Amino acid sequence: MPAVLETIGLEKRFEGTVAASNISLALEKGARQALIGPNGAGKTTLINLLTGVLQPTDGRIMLDGRDITSLQPHQRVRLGIARTFQINQLFATLTPLETVGLAVSERAGAGADWWRLVGRKSHVVDEAVALLERFHLTDVMYVRTAALPYGKQRLLEIALAIACRPRVLLLDEPAAGVPEAERHELLATVAALPEDVTVLLIEHDMDLVFSFADRISVLVNGTLLAEGSPVEVAGDPRVRTAYLGESADA
439 MPAVLETIGL
449 EKRFEGTVAA
459 SNISLALEKG
469 ARQALIGPNG
479 AGKTTLINLL
489 TGVLQPTDGR
499 IMLDGRDITS
509 LQPHQRVRLG
519 IARTFQINQL
529 FATLTPLETV
539 GLAVSERAGA
549 GADWWRLVGR
559 KSHVVDEAVA
569 LLERFHLTDV
579 MYVRTAALPY
589 GKQRLLEIAL
599 AIACRPRVLL
609 LDEPAAGVPE
619 AERHELLATV
629 AALPEDVTVL
639 LIEHDMDLVF
649 SFADRISVLV
659 NGTLLAEGSP
669 VEVAGDPRVR
679 TAYLGESADA
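According to the working numbering, the residues represented by the sequence shown are 439 to 688, in order.
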């Protein structure tokens, strides 16, 4: 199956420090792929390169065969790349209904008029409520975001990204800080997204990674060390040595 998002020889250097080195990564349409690696491996740097927050020193980024390397973040969003962040990027004073309604209105090119659209346009409200239902947020849709439990805030951030109707969704540690009891619900909700949405997940919780991903990429020191199915990655001695902290002879 052809890749929907692909990097070719991607590199990023900061004053002599190599944060990404010759990364060639391919995400197939509909994949549930995980990106793992120790702290400082360059995972968030790679996400920032994919979304245009950072420009690469070398290499290319392709979306459905189109070179998007030089495009700005907002241009990539319009083409179908959405992301979440390690720390929530939400409007604390808005409710979930207002937050998602704003994203739906913005996608329709009416962001400046979003208050009127959320209040008076039934299609905006209907779509926003449908998204909130999918992410189990209808019971809090009129509650200010700042007052929501942290797990609900993380779900809201993903719902906000999905409101952009992405083809590729990049999740940067979505379960970080989420209570244990809520983590599997969060990942189950993501896994149940439409099959045509490709997901790349950064996550440190290996139980979540191995229950979610059908393919895993391992990044170490800015270099792609290994890729494969969960079984293949778990059995790779290089991964056990470099990431899981085990001896290659274990």
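Cβ atoms here follow ideal geometry from the backbone N, Cα and C, with glycine treated the same way. Values in this document were obtained by computation on a predicted structure and should not be read as measured data.
{"query": "Determine the DSSP secondary structure at Met500, reduced to helix, strand or coil.", "result": "strand"}
{"query": "Taking only three categories from DSSP, how would you classify Thr661?", "result": "strand"}
{"query": "Just to check my reading of the structure: Val635 and Leu607 have Cβ atoms closer than 8 Å, yes? What is that Cβ distance to the nearest angstrom?", "result": "6 Å"}
{"query": "State the DSSP-derived secondary structure class of Asn477, mapped to helix, strand or coil.", "result": "coil"}
{"query": "Is there contact here, the region 638 to 650 with the region 474 to 483, by at least three beta-carbon pairs under 8 Å?", "result": "yes"}
{"query": "Just verifying my parser: in three-state terms, what is the DSSP assignment at Gln471?", "result": "strand"}
{"query": "If you draw a straight line from the C-alpha of Lys450 to the C-alpha of Ser459, how long is it?", "result": "7 Å"}
{"query": "For Ala457, which residues in the same chain have their Cβ closer than 6 Å to its Cβ, ignoring the five residues on either side in sequence?", "result": "Lys450, Gly480, Thr483, Gly660"}
{"query": "Between which residues of its own chain and Ala520 is the CB-CB distance below 8 Å, once the five residues before and five after are set aside?", "result": "Ala599, Ile600, Cys602, Pro604, Val606, Leu607, Leu608"}
{"query": "For Ala541, which of helix, strand or coil comes out of DSSP?", "result": "helix"}
{"query": "Locate the alpha helix (DSSP H) running through Arg592, then write down its first and last residues.", "result": "588 to 600"}
{"query": "Between the alpha carbons of Thr627 and Ile596, how many angstroms are there, rounded?", "result": "10 Å"}
{"query": "Bridge partners for Ala457 per DSSP, in chain order?", "result": "Looking at the DSSP assignment, Ala457 forms no beta bridge with any residue, so it has no partner."}
{"query": "Does Asp645 come out as helix, strand or coil in the three-state DSSP assignment?", "result": "helix"}
{"query": "Return the chain-ordered list of same chain residues with a C-beta closer than 8 Å to the C-beta of Asp652, the five sequence neighbours on each side being excluded.", "result": "Ala469, Arg470, Gln471, Ser667, Pro668"}
{"query": "Where Glu618 and Ser649 are concerned, what is the direct C-alpha to C-alpha distance, given to the nearest angstrom?", "result": "15 Å"}
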